[in-house]
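In short: position in the sequence shown from 1, add 39, done, that's my numbering. Below is one structure, written out as structure tokens; the observations come after it.
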Amino acid sequence: MPKIAVALLLFCISATPLTAQKKIEISIPETYELSNIILALTEYGRADEWEVQKHTDYYNEVIRFFEPVKAHPLLQKVNYSRTLWENYLSFRTDAAAFKFDERGQLVRTTEFYANKGHNPFDVNLDLINDFVQQSKYREFYDAHRPLYNSIVANYSGYYMLDTMQMFLENESGIKATTTGKYQVILSPLVGRMNCHRTIDSVTTADFPTLSTALIENNASQINDQAQRAIEIHTLFTEMDHGYVNPITDRFRKDVAQKFNPAYWDRQSGYEGLNCFNEYMTWALYDIFVEKYFPAIADSISTQWHYQNAQRGFYASNLFAAQLKTLYRHKQSTESLKDLYLRLLDWISKHQSKNKELKLLLPKADSLYQLPNNGEITLSFSTALKRNFEKISCIVLKLNNGKATKERSVIEITPKDIIRWNSDRSFVLKLNIPHDEFALIFNWWGCRYPVLSDRDIMLASQSYILLKR
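Set out below in structure tokens:
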């Protein structure tokens with residue numbers, strides 16, 4: 040398959056019970072930035088398209104400044120990969136448990152470990168201390184304090200932290216504790232793997248990705264409401280676990296009886312209540328976006344449902360649509376917690392009808408020779424929704440089977456369908472100017488998804504390869 044994917048964000052939730060915290064601390068700690076810079080300098084950090092945020096001037100400055108130490112032995116020792124993601128995440132995140140002492144040496148100040156059984160930062164501490172000295176890292180960090188301070192100062196407003204917290208408190212009926220601490224720990228280099236962890240008995244923290252709009256302090260990007268709504272998910276869908284999870288705990292017997300993950304999950308790695316909570320947190324994000332970004336809410340939510348489906352939550356849009364329907368028709372005195380039993384009753388009644396929608400033909404692993412008449416027959420695993428207005432499709436130009444940078448999004452209307460062979464198959468005719476191209480459905484940039492007759496989305500990033 041041609042390389043067409045956008046970043047796959049990995050969401051890591053600690054198994055520790057989550058509670059809502061009132062006091063919010065936002066920071067770019069010196070030790071956390073150190074770990075991110077080290078990982079960015081490794082062969083894997085440089086090569087992987089999404090792990091490190093590379094589309095900023097800051098990243099280029101990092102590469103230039105640390106060029107003299109690119110052969111430091113530490114960089115080989117911590118050259119991880121997607122397969123070794125737990126070591127990567129632990130090295131990156133555990134650094135927040137360290138500080139520099141009066142001698143400029145790194146010392147652990149709290150017994151926080153991001154992943155049980157993984158302690159790569161501790162194991163490599165001597166090499167890390169040597170890297171700090173050889174690279175003059177602390178001089179680099181001090182020189183960039185104005186940038187870090189700017190990001191921290193603008194973060195709360197851009198990500199609507201106060202609005203977000205008020206919304207979550209009102210919908211859950213849970214007031215954030217005043218005794219606990221909640222930290223948002225940032226780096227301009229984090230490209231993926233948002234993470235929520237318990238630091239100690241009173242502190243929880245999120246380690247989210249960061250909008251390039253804030254890193255670059257770009258006014259036009261900051262004012263782009265669509266991009267802002269997309270970016271907000273990185274914090275919202277972590278923070279709201281502190282509100283959603285306790286509500287679910289109140290109804291845990293009902294959830295266990297009425298929500299069957301077998302009808303909702305395809306190898307996401309989440310089980311039982313955790314699977315339900317993941318569905319609920321994203322559905323609540325849809326409600327938040329609909330309330331504060333009404334003009335673009337549907338389009339934004341659709342993009343994230345594509346992402347969720349690829350993570351294994353294949354009926355994400357169906358679950359969210361039902362919660363939104365209940366929310367729109369609730370009494371003014373009701374909130375999210377009052378909708379649980381109604382939602383669970385609906386789930387119990389309808390979930391057995393859930394089926395994944397997959398594109399069967401043409402097969403994605405082969406290049407389909409387009410006939411002279413330009414007609415393409417598409418066949419699917421289950422019945423399709425036929426009364427659609429539009430279907431979005433990415434057209435990606437290929438060159439000898441490889442993706443080019445030439446791409447566009449087209450919208451297929453019922454007029455483009457020559458005939459229906461059955462409720463699972465239709466014949467499509469499109470006027471595409473390329474001799475070799477891919478058609479990609481249900482992925483970022485597609486506003487209108489392909490849906491089953493149950494309103495479940497076609498598997499994300501379904502595609503066919505075509506050649507004249």
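From the three backbone atoms N, C-alpha and C, an ideal C-beta is built for every residue, glycine too. Owing to the predicted nature of the structure, the values given are computational and were not obtained by experimental measurement.
Item to complete: Please name the residue, chosen from Tyr187, Ile430 and Trp124, that lies closest to His157 on a Cα-to-Cα basis.
Response: The count along the sequence shown starts at 1 and reaches residue 157 at position 118. Closest option to His157, Cα to Cα, is Trp124.
Discussion item. Tell me the rounded alpha-carbon separation between Ala354 and Ile271.
Written reply: Walking along the sequence shown from the start, residue 354 turns up at place 315. Walking along the sequence shown from the start, residue 271 turns up at place 232. Near 22 Å, if we compare the C-alpha coordinates of Ile271 and Ala354.
Fill in: Meets three-Cβ-pair contact criterion under 8 Å: the region 217-230 and the region 181-199
Short answer: they touch.
Item to complete: With DSSP as the reference, please indicate the residues paired to Gln6 in a beta bridge.
Response: Residue 6 cannot be examined here, being either before or after the span of the chain that is shown, 40 to 507.
Fill in: Cβ shell of Leu478 (< 6 Å), same chain only, five flanking positions each side left out
Counting from one through the sequence shown, the residue named residue 478 turns up at place 439. Counting only Cβ-Cβ distances below 6 Å, and skipping sequence neighbours, we find Cys432 and Ile503.
Worksheet item: Where does Val45 fall in DSSP's three states?
Response: Residue 45 sits at position 6 when you count from the first residue of the sequence shown. Note that Val45 scores 40 on pLDDT, short of 50, meaning its location in the model is unreliable; the coordinates nonetheless yield the value given after this. In this structure, Val45 counts as coil in the three-state DSSP scheme.
Fill in: C-beta contact flag for Arg463 and Ala422 at 7 Å
Residue 463 sits at position 424 when you count from the first residue of the sequence shown. Residue 422 sits at position 383 when you count from the first residue of the sequence shown. For Arg463 and Ala422, yes; Cβs fall inside 7 Å.
Practice prompt. Give the DSSP-derived three-state secondary structure of Met203 in the structure shown.
Written response: Taking the first residue of the sequence shown as 1, we reach residue 203 at position 164. Collapsing the DSSP output to three states places Met203 in a helix.
Worksheet entry | Thr95 and Thr242 closer than 7 Å at C-beta | Position 56 of the sequence shown holds residue 95. Position 203 of the sequence shown holds residue 242. No, they are not a contact pair.
Practice prompt. Please state if the CB of Ala110 and the CB of Ser129 are separated by a distance shorter than 7 Å.
Written response: Looking up residue 129 in the sequence shown gives position 90. Looking up residue 110 in the sequence shown gives position 71. No, the Cβ-Cβ distance between Ser129 and Ala110 is not below 7 Å.
Worksheet item: When the Cα atoms are used, what is the spatial distance from Asp263 to Ile449?
Response: Translated into the one-based positions of the sequence shown, residue 263 becomes position 224. Translated into the one-based positions of the sequence shown, residue 449 becomes position 410. If you take the alpha carbons of Asp263 and Ile449, they lie about 23 Å apart.
Worksheet item: For the candidate residues Thr81, Gln349 and Thr122, whose alpha-carbon lies nearest to that of Ile102?
Response: If you number the sequence shown from 1, residue 102 lands on position 63. Checked all of Thr81, Gln349 and Thr122; the closest Cα to Ile102 is Thr81.
Worksheet entry | Helix, strand or coil at Arg458 [DSSP, three-state] | Start at 1 with the first residue of the sequence shown, and residue 458 comes out as number 419. Residue state, collapsed to three classes: strand.
Discussion item. For Thr248 and Asn233, I'd like the C-alpha separation in whole angstroms.
Written reply: Here the question's residue 248 lines up with position 209 in the sequence shown. Here the question's residue 233 lines up with position 194 in the sequence shown. When rounded, the distance between both Cα atoms is 6 Å.
Discussion item. For Lys220, tell me which candidate among Gly413, Ala134, Ser120 and Lys62 has the shortest Cα-Cα distance.
Written reply: As a first step, residue 220 must be located in the sequence shown, where it is residue number 181. Lys220 has its Cα closest to that of Lys62, out of Gly413, Ala134, Ser120 and Lys62.
Discussion item. Report the CB separation of Trp321 from Thr372 in whole angstroms; it is logged as a contact under 8 Å.
Written reply: Within the sequence shown, residue 321 is the residue found at index 282, counting from 1. Within the sequence shown, residue 372 is the residue found at index 333, counting from 1. Actually they are not in contact, since the Cβ atoms of Trp321 and Thr372 sit about 25 Å apart, beyond 8 Å.
Worksheet entry | Assumed close pair Glu475, Leu437 - CB separation to whole angstroms, cut-off 8 Å | The count along the sequence shown starts at 1 and reaches residue 475 at position 436. The count along the sequence shown starts at 1 and reaches residue 437 at position 398. Yes, they are in contact, since the Cβ atoms of Glu475 and Leu437 sit about 4 Å apart, within 8 Å.
Worksheet item: Tyr345 and Asn481: beta carbons closer than 7 Å?
Response: The residue given as residue 345 occupies position 306 in the sequence shown. The residue given as residue 481 occupies position 442 in the sequence shown. Yes. Within cutoff.
Worksheet item: What number of angstroms, rounded off, separates the C-alpha of Gln173 from the C-alpha of Ser240?
Response: Here the question's residue 173 lines up with position 134 in the sequence shown. Here the question's residue 240 lines up with position 201 in the sequence shown. Their Cα atoms are separated by approximately 36 Å.
Practice prompt. Can you give me the start and stop residues for the beta strand (DSSP E) that Lys175 sits inside?
Written response: Counting from 1 along the sequence shown, the entry for residue 175 is found at position 136. Taken as a continuous stretch (DSSP letters only), Lys175 belongs to no beta strand (DSSP E), as it is neither H nor E.
Worksheet item: According to the Cβ coordinates, are Ala136 and Phe151 closer than 7 Å?
Response: Mapped onto the sequence shown, residue 136 falls at position 97. Mapped onto the sequence shown, residue 151 falls at position 112. Yes; because the gap between Cβ atoms is below 7 Å, this pair is in contact.
Worksheet item: With Leu513 and Ser420 assumed to form a contact (beta carbons below 8 Å), what rounded beta-carbon distance in angstroms separates them?
Response: Any property of residue 513 remains undetermined from this structure, which presents the chain solely from 40 to 507.
Item to complete: Could you check the C-alpha separation between Tyr318 and Lys444 for me, to the nearest Å?
Response: To locate residue 318, count along the sequence shown from 1; it is residue 279. To locate residue 444, count along the sequence shown from 1; it is residue 405. Their Cα atoms are separated by approximately 34 Å.
Item to complete: For the alpha helix (DSSP H) holding Asn596, just list the boundary residues, first then last.
Response: The requested residue 596 does not occur in the structure, where the chain is confined to residues 40 to 507.
Practice prompt. Report buried or exposed for Met496, applying the criterion of at least 16 other Cβ atoms within 10 angstroms of its Cβ.
Written response: Translated into the one-based positions of the sequence shown, residue 496 becomes position 457. With a threshold of 16 other beta carbon atoms within 10 Å, Met496 meets it and is buried.
Discussion item. Could you compute how far the alpha carbon of Phe427 sits from the alpha carbon of Asp304?
Written reply: Residue numbering aside, residue 427 sits at position 388 when the sequence shown is read from its first letter. Residue numbering aside, residue 304 sits at position 265 when the sequence shown is read from its first letter. Their backbone Cα atoms lie some 26 Å apart in a straight line.
Worksheet item: Quick one: what's His272 bridged to in DSSP?
Response: Here residue 272 refers to the residue found at position 233 of the sequence shown. According to DSSP, His272 bridges with nothing at all.
Worksheet item: Nearest chain D C-beta to His183 closer than 7 Å, yes or no?
Response: Protein chains in the displayed structure number just one, and chain D is not present.
Discussion item. Quick check: what's the CA-CA separation for Ala258 versus Thr273?
Written reply: On the sequence shown, position 219 is the one that residue 258 refers to. On the sequence shown, position 234 is the one that residue 273 refers to. It is roughly 20 Å from the alpha-carbon of Ala258 to the alpha-carbon of Thr273.
Practice prompt. Below 6 Å CB to CB, which residues in the same chain sit around Ile190 once its five sequence neighbours on both sides are set aside?
Written response: Walking along the sequence shown from the start, residue 190 turns up at place 151. Excluding sequence neighbours, Ile190 sits near Leu253.
Item to complete: Provide the residue(s) that pair with Lys441 in DSSP beta bridges, ordered along the chain.
Response: As a working mapping, residue 441 is identified with position 402 in the sequence shown. As a beta-bridge residue in DSSP terms, Lys441 pairs with Asn438.
Practice prompt. Mind the definition here: the region 72-80 touches the region 113-120 only if three or more C-beta pairs lie below 8 Å; say whether that holds.
Written response: Note that the region 72-80 touches the region 113-120; at least 3 beta-carbon pairs, one per stretch, sit closer than 8 Å.
Fill in: For Ile508, three-class secondary structure by DSSP
In the structure displayed, the chain extends from 40 to 507; residue 508 sits before or after that span and is not available.
Fill in: Proximity winner among Glu208, Ser195 and His280, relative to Arg267 (alpha-carbon distances)
By one-based count along the sequence shown, residue 267 stands at place 228. Out of Glu208, Ser195 and His280, Ser195 has the C-alpha closest to the C-alpha of Arg267.
Worksheet item: Counting pairs of beta carbons, one from the region 378-385 and one from the region 288-300, are three or more of them closer than 8 Å?
Response: Remark: three or more beta-carbon pairs, one from each stretch, lie closer than 8 Å, so the region 378-385 and the region 288-300 are flagged as touching.
Worksheet entry | Segment limits, beta strand (DSSP E) that includes Ala301 | Here residue 301 corresponds to residue number 262 of the sequence shown, with the count starting at 1. Element bounds for Ala301: n/a, residue is neither H nor E.
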